[in-house]
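Heads up: the structure comes next, in structure tokens.
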Amino acid sequence: MASSPQPPPSASVGPTPPFGGRNPRTVRLIVIVVALIVIVSVITVVYIATRPTNCRLSSTDPLIFDQPEQPDTLDPQVTFSTPGWAITQQVYQTLVMYNGSSYQEFLPILAKSWTESADHFNLTFTLRTGIHFSNGDPFNAYVMWFSLNRAMVMNQAPQFILGQNFNYPHVNASSTSDEVNASVATLTTELNTFDFRTPTAPQLAAMQDPWQSFQVIDDKTIQLNMGYGYLGDTVAYTYILATLAAPIAAGVDPFVIAANGGTNDSTNDWMSTNLLGTGPYKLASYNPSTGFVLQKDPNYWGAAAAAAEPWNNILQPAKSDIQTNFQGDPAKTTTDLKSGAVAGASFAYAGPSTVNDLKNSACVSVTKLSEVYSSTAGAWWIYMNQNHEPFNNQSFRAAVAHAINYEQINATAFGGNSVRWVGPVPPGYPFYNPDSLPAYSYNLTLARQFLRNSSWPTGYLIPVKYAYINLGDWAEV
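Rendered as structure tokens:
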């Protein structure tokens, strides 16, 4: 597949979770009994609240937002939270990015175009010219090679997003631990010693070695070779562009990193608290207690490219600065939205009373998101640890599952706006409920029958603690 200026390039794929996939190690440890797709979000706003044009904002530059949670880190190759992704994706850029709200189309950002091999295992990206970081440092294929390999070497929480398909040079999912360790050691040295402006001949040869996941072709071309990761080389991964749109695949500045601790298998203190990317924003201030300000980059490299591609919404320069305030009081956030003190806000949890309050405001327009987006933004689960009694007994777990009044939870906590799903994969996603299993029913007769068949036919008399967050209407459940 090759991208072209008109129409916008795209790749038709199914929706992919924002974290690029599930961690199979986690799935084996728990039994998921029931899940609710929440139309009111746990982590982000799943209702979109906007202001009609006749309602004024207190500030349009900067645009001000309320946010209840701080980013876990500012390093794009370490962050594994919604607030972390939100801020890093304003400053750092990836080869491609989703086309607006579409999860099936992708736009070229750092890449100008790309092609795909006949077997779909190799993607070759041609980079745009003139790209530079906000401090003026150049971006090229050598820097992209550094960035992707840095994400692998650091081996932080989101590394599996790349590790599904990629690996260290000269190793794959079948390599021994000694082979992997040797490759990591060599690669770490290269990341900390190579010249990523004008590499020497031996350095260039190492980056052009075809037996690696990330292969430099020349200073403006990089080839990504799948099949080395834990998914193997039998079938090419369908959702690779979604993987490459995640922050972990962003271009980072090797020169700044080298001057501030370098690269190893741990986090970098400077990168954790600073932002310096190729994107349209740069960090003006950051206080982990109060919030941050993102400033328009007057020297943004993408201004000319964006003018030539007005349809490319992700490439456009910033039009306003952004001020985000860390504050989690739902009442204040609601007041700020209704008064115009903020242009937008997110809630850790917004119950029916909050949503209805916003709906009744003349200056707030509330729109419900589709299941595909809402399920990735907020899902409420009931977990039972099958390694400990009584939940190590299947009949007991079934008794619990049928003793839960799901409709009452939906009505009380979510105002009737939640949607149930079966299994760990949300509806609308690949591999959702492939066997078409029915959802658990609220059936006390059946629950009693399963309880009688368990090891505790008269009930489990030891108290079981259920932890939940005390937010809004949820506590009523």
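To get our numbering, take the position in the sequence shown, counting from 1, and add 362.
Glycine included, every Cβ here is placed at the ideal spot set by N, Cα and C.
Only a predicted model underlies this, so the values are computations on that prediction, with no experimental measurement involved.
Residues near residue i by beta carbon distance below 6 Å, same chain, minus five either side
i: L799; result: V784
i: N630; result: G623
i: V618; result: L638
i: G777; result: P714
i: A703; result: S420
i: Q657; result: K644, A646, D683
i: P369; result: With a pLDDT of 33 at P369, under the threshold of 50, the predicted position of this residue should be treated as unreliable, and no value is reported.
i: G376; result: Note that G376 has pLDDT 34, beneath the 50 cutoff, so the model's placement of it is unreliable and the number below is only indicative. These residues qualify, in order along the chain: P792.
i: V440; result: Q518, T629
i: W663; result: G492, I493, H494
i: P789; result: E733, W783
i: Q565; result: F556
Presumed contact (8 Å Cβ cut-off) between residue i and residue j, rounded CB distance
i: N687; j: Q526; result: Their Cβ separation, rounded to whole angstroms, is 36 Å, which puts N687 and Q526 out of contact at 8 Å.
i: T625; j: N554; result: 6 Å
i: D659; j: P424; result: That belief does not hold up - the Cβ atoms of D659 and P424 are roughly 14 Å apart, past 8 Å.
i: D581; j: Y504; result: 7 Å
i: Y590; j: N529; result: 4 Å
i: N484; j: N587; result: 5 Å
i: V734; j: Y465; result: 7 Å
i: E552; j: A568; result: 6 Å
i: T486; j: Q585; result: 5 Å
i: A598; j: D481; result: 6 Å
Close Cβ partners of residue i (< 7 Å) along its chain, the five nearest in sequence each way excluded
i: S647; result: F654, V655
i: K474; result: T488, L489, R490
i: D615; result: F495, D499, L638
i: G446; result: P433, D434, T435
i: W632; result: N622, G623
i: M459; result: F468, L469, I471, A607, I676
i: A668; result: N674, L677, Q678, P679
i: N636; result: L436, L645
i: R810; result: none
Selected residue, minimal CA-CA separation from residue i, among the options
i: Y745; options: T435, L731, A760, A480; result: A760
i: Y643; options: S496, G778, E541, S651; result: S496
i: N779; options: V717, W743, I602, N805; result: V717
i: N461; options: A775, I676, T807; result: I676
i: F501; options: Y590, F558, S757; result: F558
i: A741; options: P786, D719, F758; result: P786
i: S651; options: E431, T422, N416, C417; result: E431
i: W507; options: P825, F522, P531, Q678; result: P531
i: N674; options: N416, P433, I471; result: I471
i: F753; options: P789, A693, V826; result: V826
i: W743; options: V726, S475, S757, I771; result: I771
i: L731; options: S463, H494, L566, T820; result: S463
i: A611; options: A513, N767, F427; result: A513
i: V722; options: Q521, A710, T696, S537; result: Checking the sequence, you will find Asn at residue 722 rather than Val. The candidate whose alpha carbon is nearest that of N722 is T696.
i: S757; options: F556, G821, N649; result: G821
i: I824; options: W447, H750, P788; result: H750
i: A448; options: P609, L603, N661; result: P609
i: Q452; options: L720, K681, P561; result: K681
i: P561; options: E478, V578, F709; result: V578
Sequence-distant residues of its chain with Cβ nearer than 8 Å to residue i (five each side left out)
i: A666; result: G492
i: V533; result: E541, V542, S545, Y590
i: P819; result: L813
i: T583; result: T486, F487, T488, L489, A503
Residue i and residue j closer than 7 Å at C-beta
i: A607; j: T488; result: no
i: L755; j: S817; result: Reading off the sequence, residue 755 comes out as Asn, not Leu. Yes, these two residues count as a Cβ contact at 7 Å.
i: L699; j: A707; result: yes
i: F442; j: L510; result: no
i: Y592; j: A535; result: yes
i: L436; j: S628; result: no
i: T450; j: P438; result: yes
i: Y802; j: A765; result: no
i: V515; j: T550; result: yes
i: G613; j: T596; result: no
i: T444; j: I523; result: no
i: Q689; j: I426; result: no
i: Y794; j: Y768; result: no
Bridge partners - residue i, DSSP secondary structure assignment
i: W476; result: F487
i: F654; result: Y648, T686
i: P825; result: BP columns for P825 are empty, so no partner.
i: Q577; result: Q585
i: Q466; result: For Q466, which the question treats as bridged, DSSP gives no partner whatsoever.
i: F427; result: T686, G706
i: H482; result: Paired residue(s): none; H482 is not in a bridge.
i: M516; result: Beta-bridge pairing links M516 to no other residue.
i: V458; result: P470
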